[in-house]
Amino acid sequence: MARPPTPDGTTGADGYPLVGRGHELDRLLDTIRRPPAVALVEGEAGAGKSRLVAEAAAVLRAEGRPVLTGLCHPLREPSPYGPLADALDKAGPWLGDTVLPRAAAPLVSLLPALADRLPRGSTGAGPHPAGPSGLLAAVRALLGALGPAVLVVEDLQWADDASRALLLLLARDLPERLSLVLTHRTEDLPPGRLPLGTAYRRPPGTGGTAIGLRPLTVADVGELAAAALGRPVGGALVAALYERSQGLPLVVEEDLALLGEAAPGGHVPGGPGTEAEVLRLLGAAVPRGLRETVSERIAGLSPPGAAIVEAAAVLAGPAEEPVLAEVAGLDADSGGRGLVEALRTALLREAGDRCYALRHPLAARTAYELVPLPRRLRLHRRAVQALERSHPAARARIAHHRLALGGRAAWPGLAEEAAAEAAEDRDPATAVTLLCGILARPGLDPVRHERAALALARIVDDGLGRAVYTARLRPLLELPGLPAAARGAVRLALGLVLLDRDGDRAGAAELLAAVPELACHPEPAARAALALALDETEPPDRSREWLERAGAALDAGPDAGGRAAVLSTRLTLRCGRGDPAAWPLLDRLPRDGTDVAVRRWTARALGDAGDSATALGHDLRAAGLLAESIRLAELTDTPVLALHGRAGLLRLDLLAGRWDGLPERFDALAADSLAAGCPGLARPEAERSLALGLLSLARGRSGHARDHFARTEERAAHRPTASVALRTAAGLASVLLARGAPQQAMAAVGPATALLRRGVTWPKASGLVPVAVEAALACGDRAFAEALTVDAEQALRGPDAPAAAAELHLARGLLLLDAEPGPAAERFAAARRAWRSIGRPYDAARAAERNGAALARADRPEAAAVLAEAMDGYAGLGADGDLSRCRRLTHDLGLSRAPSPGRRGYGDRLSPRERQVAELLAARATNQHIATALRLSPRTVENHVASVLRKLRTTRKSISAALDRQSAAE
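Residue numbers (this note's numbering): 1 to 970.
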């Protein structure tokens, strides 16, 4: 066999990387590399079937394996054996000097490009005189001559019957070194038809797989967008890309091409990543590829099927079968047949509760635009009649249809009523759309504009800002004639969304401007002041001023929700400062009652306190607070708070060493964010990048670690919470120190230390102080290192902040190490004990490594034991990079030990996980509370509880005393 042609590149023709398909690519390659094998790849149009196969083909060709690809086409009368001829005709470059067997002779008339290579045999009459069996033998002979080879047939749904039958026979009796790859769309197969015409079962000895391509996740879309645009991409733009595409790669890539071509240099007016890009997307046409696919599919429907699709497009939302049939003008039988056809072709989908809707928003838009205007208006009139008879009447949808029918005078009143109803029904997307529509209407009564703007601000303040695009709010501020109070309320909504959902400190500027505009509305003005009080990047005095201003307006007011907001904010600030007297006050917050706003503020306070407890080093307390916050957020239908709480629990998983499956748990959180209508939330995205950065660094993948930290670096400077910026700087500096680049590390921590010094975040451990001290010492700037340590010591006199105290021990140990290794070792040992007490095994292992290195100068046996403890800690966590470094250090110090036979056992002692369970039991936690706090299944908790009680030889009632006895013994 000859050498292969030049392999394909690893990116598509448009230069986009393959994203979100790594697992599928591995499965496909694994199957192909073990011939004989059959791989079926299924997915809707635009899902990336061809791209996946092309990526696999590029890898295989680079390995020297022939890959022959044939395409099926949607022709009325396709040529018999067309896709096979298309594929096999390309075999020439791979054959080299191979002499083909006589059995391949029947292919002469089918493969003109190989006619001079094929043996001449008896051809008889007709184009394929050998018949199916002779042609099958010929195909097998040709493919067998290629050696290990791959035959790919794409879009099998359009294959002619002759090709389908031959492929079925081939799949049932493959040459021993051949792998067959088939792609198809199930929705485009003829009714009752299977991909190969009949059921296929792999014969014994033939491997295979069936790969169904799912939509891309929000994280996948963000990764693809960042690669295509060459820069970090904000959550709002990722959310807009996902909303339009629903994860369909074809649509994402066409939209990214649109953004790249928006202006010379690939930028839109206003700069890259700004709201202008979101606005451009929201107003963009349906991507050509999707429009053509949907149009083609609708054109192939029967009249009842097309009528049902048109009705669904006009109804613009889920509808039951009788409503669809009525709007379409069909009787029940015809409507039922049309609905079944629309479902089978995947134009419609089941939308729950016996309702149906178009599959994608852009597909619905395409179908709507294909309906001629006169018929469209008739359908809108029928929709109004059908919806007015529903119970309760769907006011929002009725308002939509009346506006489409030209009822502009009555629409604002209908829209206002419908928006109130939608907000009451927890349908923020509909309410926001209607309210923005009212605000955008010129010439309306100023009072109506003001009511609509205040209602919009209330929706955001109620935790429903997930439904608001900032790109839709900002143009409202530029409308001429908008009353000042209405403008202030829109600014309030915009600022809260930017701060709470997007994590963008630009929201603070909007809130500052909103306060004077809302002078006649003290309650919303006070809400703006409360949000400004929580800005960690501002000096403490400024925060107190805003809090006092809000308290003066709300504390004595009649609104219980306003009073709860002030109390929540006060407790958040006190917990963040490490005030030990604040924790008992959290127990007094109302958890029950009928006032949803009050309970929502309790959920917010508990979540904020949980985050503060994590940063301070009270990890068990943090787990309980976050779990309770999540429970209340779910009960009050505030998904943003619940998702933030879950991100906080995942951070605790990271700190507690629960690393197995952590990336997948972040992926699950992203999927749940999407399902809750909250894609692209800043907090979960930041926690994911920071966690993956630390995991990569611990495992010795510094390049990956830097990439993850860099994803948060650009946006961290614009966040209202300083902790993300500080943790990001610490992570980047750690990577740079590991790479031997202390000057760059010092540059990375410079802005962060300035932020630390002017804010109130000293008690919140971020890893920055010891990393900055290490970088400064490596650069010879001892004065900077000493001054930063002194500042930290002064700031930490008083706050209850065990994690920051542990970091201070590390900083002091680094300062002492060269001149006084003994006292330095004592400092590192204190840090090690502190981290173990808090429950952070990775930090404890890092401190143990420093402790052992310092002890090696004076107490070598003790140094060897401490370094062994560090290595055990790294090994248990899977921190392979740190383990390798610690082993080298131990060897260089002449303290090497025999390799450990495996992970250490704990015998009658509690494992780290069992100790966490025991401490929660001592705090009177139930099994369910433990499961929630530690993210474990109830059965796993039961096993841990049984093991704890057995090892401590006690009962649940007496566990606290037993735990104290074991701690004293250790």
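Glycine included, C-beta positions come from ideal geometry on N, C-alpha and C.
Can you name, in chain order, every residue of its own chain whose Cβ lies under 8 angstroms from the Cβ of glycine 798, other than the five neighbours on each side?
Closer than 8 angstroms at Cβ, skipping near neighbours: Gly578.
On the three-state DSSP scale, how would you describe threonine 954?
Coil, per DSSP.
So for leucine 532, helix, strand or coil by DSSP?
Leucine 532 falls in the helix class under three-state DSSP.
Once you ignore the five residues that flank lysine 764 on each side, which residues in its own chain have a CB closer than 6 angstroms to its CB?
Contacts found: Ala615, Ser723.
Where do the ends of the alpha helix (DSSP H) carrying glycine 624 lie?
Note, glycine 624: alpha helix (DSSP H), 619 to 635.
Nearest chain C C-beta to arginine 651 closer than 8 angstroms, yes or no?
Any reference to chain C falls outside this structure, which holds one protein chain only.
With DSSP collapsed to three states, give me the class of leucine 695.
Here leucine 695 sits in helix by DSSP.
Roughly how far, in whole angstroms, is the beta-carbon of phenylalanine 709 from the beta-carbon of alanine 691, given that I think they are within contact range, below 8 angstroms?
Not a contact, Cβ separation roughly 11 angstroms.
Kindly indicate which residue of Gly352, Arg117, Gly495, Arg739 has the alpha-carbon position closest to the one of leucine 530.
Looking at the Cα atoms, Gly495 is the closest of the given residues.
For the pair the region 624 to 632 and the region 808 to 826, tell me if three or more CB-CB distances fall below 8 angstroms.
With the cut-off at 8 angstroms, the region 624 to 632 and the region 808 to 826 do not touch.
From arginine 631 to aspartate 619, what distance separates their C-alpha atoms?
Their Cα atoms are separated by approximately 18 angstroms.
Starting from arginine 349, follow the alpha helix (DSSP H) in both directions and report where the run begins and ends.
Not the alpha helix (DSSP H): arginine 349 falls in the beta strand (DSSP E), residues 348 to 350.
Can you tell me which residues form a DSSP beta bridge with cysteine 355?
According to DSSP, cysteine 355 bridges with Glu320.
How many Å lie between asparagine 851 and leucine 669 at the Cα?
When rounded, the distance between both Cα atoms is 37 angstroms.
Do the region 486 to 493 and the region 514 to 534 meet, that is, are 3 or more Cβ pairs less than 8 angstroms apart?
A contact exists between the region 486 to 493 and the region 514 to 534.
Per DSSP, arginine 42 is paired with what?
Checking the sequence shown, residue 42 turns out to be glutamate, not arginine. Glutamate 42 is bridged to His184, Gly212.
DSSP beta-bridge partners for alanine 37?
Answer is Ser179, Gly207.
Nearest to leucine 814 by CA position, among Leu796, Ala775, Arg833, Leu237, is which residue?
Checked all of Leu796, Ala775, Arg833, Leu237; the closest Cα to leucine 814 is Ala775.
Look at alanine 87 and leucine 68 and say whether their C-beta atoms are less than 8 angstroms apart.
Yes, these two residues count as a Cβ contact at 8 angstroms.
How far does the alpha helix (DSSP H) with glycine 740 in it extend, from its first residue to its last?
Premise fails: glycine 740 is in no alpha helix (DSSP H) and is neither H nor E.
Pick from Leu373, Glu421, Gly406, Thr712: whose alpha carbon is nearest that of alanine 394?
The shortest C-alpha separation from alanine 394 is found at Glu421.
For alanine 115, which of helix, strand or coil comes out of DSSP?
Coil.
For valine 735, which residues of its own chain have a beta-carbon under 7 angstroms away from its beta-carbon, when the five flanking residues on both sides are left out?
Answer for valine 735: Leu697, Ser702, Ala705, Arg706, Phe709, listed in chain order.
Mind checking whether alanine 104 and alanine 56 have CB atoms under 8 angstroms apart?
No, the Cβ-Cβ distance between alanine 104 and alanine 56 is not below 8 angstroms.
Quick one: what does DSSP say leucine 71 is sitting in, helix, strand or coil?
Correct three-state label for leucine 71: strand.
For serine 288, tell me which candidate among Arg280, Ala363, Arg846 has the shortest Cα-Cα distance.
For the sequence presented, residue 288 should be read as arginine rather than serine. If we check each option's Cα against that of arginine 288, Ala363 comes out closest.
In three-state DSSP terms, what is valine 221?
If DSSP states are grouped into helix, strand and coil, valine 221 belongs with the helices.
How many angstroms separate the CA atom of alanine 863 from the CA atom of glutamate 869?
Their Cα atoms are separated by approximately 10 angstroms.
Using a Cβ distance threshold of 8 angstroms, determine whether the region 561 to 569 contacts the region 769 to 786, with at least three qualifying pairs required.
Taking 8 angstroms as the limit for Cβ pairs, the verdict is that the region 769 to 786 does not touch the region 561 to 569.
Please report how far the alpha carbon of alanine 165 lies from the alpha carbon of arginine 172, in whole angstroms.
When rounded, the distance between both Cα atoms is 11 angstroms.
Determine, using beta-carbon pairs with one atom in the region 73 to 89 and one in the region 243 to 255, whether at least three such pairs fall under 8 angstroms.
No, because fewer than three Cβ pairs between the region 73 to 89 and the region 243 to 255 fall closer than 8 angstroms, the two stretches do not touch.
Going by other Cβ atoms of all chains shown within 10 Å of its Cβ, with 16 needed for buried, is glutamine 916 buried or exposed?
With 16 or more other Cβ atoms within 10 Å, it is buried.
Measuring CB to CB, does leucine 643 end up less than 8 angstroms from alanine 605?
No, they are not a contact pair.
Within a Cβ cutoff of 6 angstroms, which residues of the same chain sit near proline 978, ignoring the five residues on either side of it in sequence?
The requested residue 978 is not part of the displayed model; the chain covers only 1 to 970.
How close, in whole Å, do the beta carbons of aspartate 637 and alanine 236 come, if the pair is a contact with beta carbons under 8 angstroms?
About 23 angstroms; that fails the 8 angstroms criterion.
With DSSP run on the structure shown, which of helix, strand or coil describes leucine 151?
If DSSP states are grouped into helix, strand and coil, leucine 151 belongs with the strands.
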